[in-house]
Amino acid sequence: MEHSSASKDVSRRGFFQLTLGWLAAIFAVCASAVGAVRFLVPNVLFEPSLLFKMGKPEDYPDGSVTFLEEERVFLVRQGNTFRCLSAICTHLGCTVNRTGQGYNCPCHGSIFDDQGTVKSGPAPRSLEWFSVTLSKDRRLLVDKSQKVNADKYLVL
Amino acid sequence: MADSSLRKFYGWFTALGLLVGGLVVLGYYKDEDREWKDYQRKFIQEETRRASTPPQRAFAQNMPVQIRQILLPDLNRVDRCTTCHLAVDDPSYGGYPQPLAYHPLHEQHPAERFGCTVCHRGQGRATDAADAHGNVPHWDEPMLPLRYIQASCGKCHEAADNPAAPELARGQQVFEESGCRGCHKLGGTGGVIGPALDKIGARHSPEWLKQHFLTPATVTPGSAMPPQRFAEPDLEAITLFMLSQTGETAPGYYTSMKVIPSAGVGQRLFEQKGCIGCHSIAGKGGTIGPSLDDVGLRRSPEWMIQHFREPKAVSPGTVMPQFGFTEDEARALTDFLVHLREQQVTMSLPSAMTPVERGHEAYRKYGCAGCHGPDGKGGVPNPNSKTAELVPDLMHVAEGYTKDELKDRILKGQHEITALDPKRPPPPLYMPGWAGTIKDAEVDDLVEYLFSLKPKGEESGF
Amino acid sequence: MNGSLPKRIWKWFEHTRVGRSIFRVGLPQSNLERAQAMVSSFLLHVQPAKVNRHSLRASYSLGLGLISLYLFLILIVTGVLLMFYYVPSTDHAYNDMKDLQFVVSAGLLMRNMHRWAAHLMVIFVLLHMCRVFYTGAYKRPREFNWVLGIGLFLLTLGLSFTGYLLPWDQLAFWAITVGTNIAAYAPYIGPSLKYLMLGGNVVGQEALIRFYALHVIVLPAVAGFLIAVHLWRVRKDGGLSRPDEPGDVVQQVELSQLPTSKTYGLMELARGTTPQVGRNPEEEVFSWPHLIFRELLLFLFVVVVVLLLAIFKNAPLEELANPIHPPNPAKAPWYFLGLQELVSYSAFWGGVVVPGVLVAALVLLPYVDGKRRGVGRWFARERLVANTIFTVCLVVAVVLTIIGTLFRGPNWSWQEPWKKPPTATEGH
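Respectively, the protein sequence lines represent chains H, G and D.
Residue 110 in the numbering used here sits at position 110 of the first sequence; the count goes up by one each step and never skips.
The number in the numbering used here is simply the position in the second sequence, starting from 1, with 156 added.
The number in the numbering used here is simply the position in the third sequence, starting from 1, with 618 added.
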């Protein structure tokens, strides 16, 4: 094995230069990789928003369960309390129908009660409730990214 | 890597490595440092300051700093204005300085349904103020100055019937009265001497449009359009009306809002649908149904709306047909009837008009005034024409033509205008033929009207 | 100290099990290992284990070919990233450009890097061609490599041209309208060529998707393949050209004059064109580290320049493409402006004959000019005629391009760029 001799040793200055250079270059590569990933993370979505207004409280009669087709939710009003129930069956994602005592799914026969709790059928979980708040301009604001317990209401 | 001959490069390597690292950091920093983030932080501060309970304060503090956008696929727009204009839907921010002000029309035109640029123009996809407001190179649609905002109402609403956009209505009125249609087509009807105006508001700035009225030739070289003399409010109104002609059509949901349930619309509908055939107002009209003069005192608005929806259900045994009005149309008609007494409506009913009156309407409708002046009085320049360098007035046509000759002239037009001085450019304005545009019955009425223009008391004959 | 800190960390890593499984040859300690590092590496083996000292001289090659390659790599990386946001539909393309600028993190930076690297690549491929000409490096045995290079130059122009349309703004739309109209002047095949390029008669959705397909897959794949062959040929033709190459000197050697040693007789006299012929061991150094380190430095330098441009200068984006509103004047991309200037004199002679003759001349050059004089030196005296002709053509091309860029205004009339243009009376 041949070794080139003393020229193999790096001077102190060379040491720092090389170290610094490599650190900077490696940092740049890592930062660029992080930057490329950040580039690919979308800042805006072109899907229907998870946060939407559903009209005025007065638009919903007392004791009503109103189905909103596009957003796939039910708005439940009882007195002056408001809740929002997901209409998406937890089995395989079909839209459930309202029945007298609750909800049922036409696809595989899951049955849910008034509170969205699964009573029978293949659905593994209860229907989800979404957060309802009042917006600044007095509209019902539903946030499908915020799931809440069945006992959470908006009280006006 | 240690080698003497490479040692001379180590310094370069360090420098370049640091430069690359530094530039990557700089690029990242420049990208992250966005104007809208500052505005959102200021908003969070303001919300925190206004919060009166700890949960409210926590809620304000947790507001995410992110781009907000309104997707409007029907309008083919994406508006990101609410990234900085964060309080457009919050009435408690009324009167705040921009960008945190509440939008006064939010109830009628909620931002989540309409976005912003459909009325205000500008560049909705931008996320910094300068680009979003659109007064930047290579963006054709800068924000409308606020004083011209009514121009946008015309995209969805009828110009004449919008109580919230009176200047737009005035602009349309000035347009019709000034006879612009004599040379310009709008909505398919009009003359062909000048260009059609259907998209004029999309291509030009308010300043250009205004200047074009005052001195057309400086703005459009070679234009035959005579300079217009408007009073300043009328000039602003007609400029605004021109701005409203963008050719942009709004789909279903938006144009169903076209009918504003106001009395003005109601009157128009009343005339259009022929209600006067059965009902009478101020003594004019049919007698099959009851007179409507006092209906506002006798019936409630709810009754009237229901009656429009289903006449037989409300008045059993009635022969009034069901017209199939939309809700807004029913409301508009109701509003008209309710306010009948107050407004002392004068109905200009086609069956009640004389030929001369109808002819006057036709004169107005086809824009004859654009060349022949208001009520045929003339005064519109036609440089180098033998007729005293003016478009001839029509006050004395009864003396120079028979009715048949006049009708012929209107239908065929006159394309050759004798020049005063053959060395100068030929006169720019000519009379187009109106056959096929003006209906035959209207031409007869028009002739009647023109014959009636002869000033009373003048000596007859040349 | 036997190495910088990163080197020591690396050495630790390469002795771990994972390290040894990936890197079969560690950081070279011996000359054997230095040779092995090049030969046994997938990425590096296109380069030889040893290179001639002369080839390392920056003043000789200026690294122009490498710079072109680096720019191509930068374009691929940024281009692929941009593909995640750009949709080649006339309804979406322009809005996607706006979104890159406004809502995508580092979107503007990526787009700027892509555009400036593209313009730089056109320039540097041209400069590389000039260097190869001026050093006579197209001559035997490198004729075919020169032809490959001309092909790569045309591919570079094609890549730039197809990419130019994608933003779908006024600049893009009208540049491609002009460009494809110039192509239509070719006799017989011109109109069909334009029809094929556009997928129709107008620049519309069909043209956009064709240009996109060409730009992101067809042309890069062909260019990548040709680059591989190009580099392969550099190896096989004996490395970069240099002044004292074999084949310059034709010697008659008497077999009896050749030295013989006591134990070995002369086995065989090798002739021919393999890279082993004519190598001079005293003049050679190991590629690792001498070549590799210089290449690394050059890469850093190219990245610095591209980043600087991208951070401080935005790529242009005009209004949405509008077929009824041509700008006046409508200009082709800058590298075709010399051509557009020629076309303004005569569509046939300027647009078809002159460029056709030029390209043909370039391709045939090494087969016409065969004498191996003055190879390996800049502006060799023996090649005065050839150098002069080339320089004249180059200067004329550059001057025409400058005229087309700066000195042509509305209606292609002469204008002086330092004077203010007359105030526009139309619109706005």
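We put the beta carbon where it would ideally sit given N, CA and C, even for glycine.
Practice task
Give a yes or no on whether 7 Å exceeds the smallest Cβ distance from H:Gly21 to chain G.
Solution key: yes
Exercise for the section: Whole angstroms is fine: what's the gap from D:Val867's alpha carbon to D:Arg990's? Expected result: Summary for D:Val867: the model assigns pLDDT 46, below 50, so the residue's position carries little reliability; its value from the coordinates is reported in the next sentence. Their backbone Cα atoms lie some 10 Å apart in a straight line.
Exercise for the section: Measuring only between beta-carbons, confirm whether G:Glu268 sits less than 7 Å from chain H. Expected result: yes
Practice task
Check whether the Cβ of H:Val190 lies closer than 7 Å to any Cβ atom in chain G.
Solution key: Residue coverage of chain H in this structure runs from 1 to 156, which leaves residue 190 of chain H outside it and unanswerable.
Handout entry: Every unbroken alpha helix (DSSP H) within the region 507-544 of chain G, with a cutoff of 4 residues, ordered by chain
Key = 511-521 and 525-528
Problem - Simplified DSSP assignment, three categories, for D:Asp866 - result: Confidence at D:Asp866 is low in this model, with a pLDDT of 49, below 50, so its placement is unreliable and no value can be given for it.
Handout entry: Under 9 Å by beta carbon: chain D residues contacting G:Ala282
Key = Lys716, Gln719 and Phe720
Exercise for the section: Starting from D:Arg733, trace the beta strand (DSSP E) both ways and give me its first and last residue. Expected result: First-last for D:Arg733: Gly725 to Tyr752, but that is the alpha helix (DSSP H), not the beta strand (DSSP E).
Problem - Continuous beta strand (DSSP E) stretch holding D:Phe771: start and end - result: Careful: D:Phe771 lies outside any beta strand (DSSP E), inside the alpha helix (DSSP H) at Glu761 to Leu783.
Handout entry: Rounded C-alpha distance that separates G:Gly442 from G:Met476
Key = 13 Å
Practice task
Pull up the CB-CB distance for H:Phe39 and D:Ser778, whole angstroms please, since I reckon it's below 8 Å.
Solution key: No, H:Phe39 and D:Ser778 are not in contact; Cβ-Cβ is about 23 Å, not under 8 Å.
Problem - CA-to-CA distance, G:Lys311 to G:Glu561, given in whole angstroms - result: 43 Å
Exercise for the section: Give the interface partners of G:Pro247 over in chain H, defined as CB-CB distance under 8 Å, in chain order. Expected result: Lys136 and Asp137
Exercise for the section: For H:Val29, return the contacting residues in chain D, with the cut-off set at a CB-CB distance below 7 Å. Expected result: Result: empty, since nearest Cβ-Cβ is about 10 Å, beyond 7 Å.
Practice task
Select from G:Pro467, G:Gly347 and G:Tyr557 the residue whose C-alpha is nearest the C-alpha of G:Glu604.
Solution key: G:Tyr557
Handout entry: Cutoff 7 Å: D:Phe702 Cβ touching any chain H Cβ
Key = yes
Practice task
Provide the residue(s) that pair with H:Trp129 in DSSP beta bridges, ordered along the chain.
Solution key: H:Leu85 and H:Val148
Exercise for the section: Using a Cβ-Cβ cut-off of less than 7 Å, list which residues of the region 164-176 of chain G approach chain H; keep chain order. Expected result: Tyr166, Gly167, Phe169, Thr170, Gly173, Leu174 and Val176
Handout entry: Any chain D beta carbon closer than 7 Å to G:His276
Key = no
Practice task
Express the C-alpha separation of D:Val1017 and H:Gly35 in angstroms, rounding to a whole number.
Solution key: 41 Å
Exercise for the section: Closer than 7 Å by C-beta to D:Leu693: which residues in its own chain qualify, once you throw out the five before and the five after it? Chain order, please. Expected result: His732, Ala735, Ala736 and Met739
Handout entry: Between the CA atoms of G:Leu324 and G:His360 - distance to the nearest angstrom
Key = 17 Å
Handout entry: Close-in-space but distant-in-sequence residues of the same chain around D:Leu662 (CB under 6 Å, 5 per side omitted)
Key = Met656
Practice task
State the Cα-Cα distance for the pair G:Ala207 and G:Met219, rounded to the nearest angstrom.
Solution key: 13 Å
Practice task
Could you tell me whether the Cβ of D:Asp866 comes closer than 7 Å to any Cβ of chain H?
Solution key: Unreliable placement is indicated for D:Asp866, whose pLDDT of 49 sits below 50; the coordinate value is still reported in the next sentence. No, D:Asp866 lies away from the interface with chain H (no Cβ there is under 7 Å from its Cβ).
Handout entry: For D:His848 and D:Leu914, believed in contact at Cβ under 8 Å, the rounded distance
Key = Going by Cβ atoms, the distance from D:Leu914 to D:His848 rounds to 21 Å, so no, they are not a contact pair.
Practice task
Tell me whether the beta-carbon of G:Lys341 lies closer than 7 Å to the beta-carbon of G:Ala352.
Solution key: yes
Problem - Rounded straight-line distance, which links the Cα of G:Asp245 to that of H:Arg83 - result: 22 Å
Problem - chain D contact for H:Asn43 (CB, 7 Å cutoff) - result: yes
Problem - chain G contact residues for D:Asn713, given Cβ-Cβ distances below 9 Å - result: Val234 and Arg281
Handout entry: Secondary structure of H:Asp114, DSSP reduced to three states
Key = coil
Exercise for the section: Indicate whether at least one CB of chain H lies closer than 7 Å to the CB of D:Pro907. Expected result: no
Exercise for the section: Measure the Cβ-Cβ separation of D:Ser673 and D:Gly856 and say whether it is below 7 Å. Expected result: no
Practice task
Output the distance between the C-alpha atoms of G:Asp449 and G:Gly439, rounded to the nearest integer angstrom.
Solution key: 9 Å
Exercise for the section: Report yes or no: is there a C-beta of chain G within less than 7 Å of the C-beta of D:Ile929? Expected result: yes
Practice task
Reducing DSSP to helix, strand and coil, say where D:Trp996 ends up.
Solution key: coil
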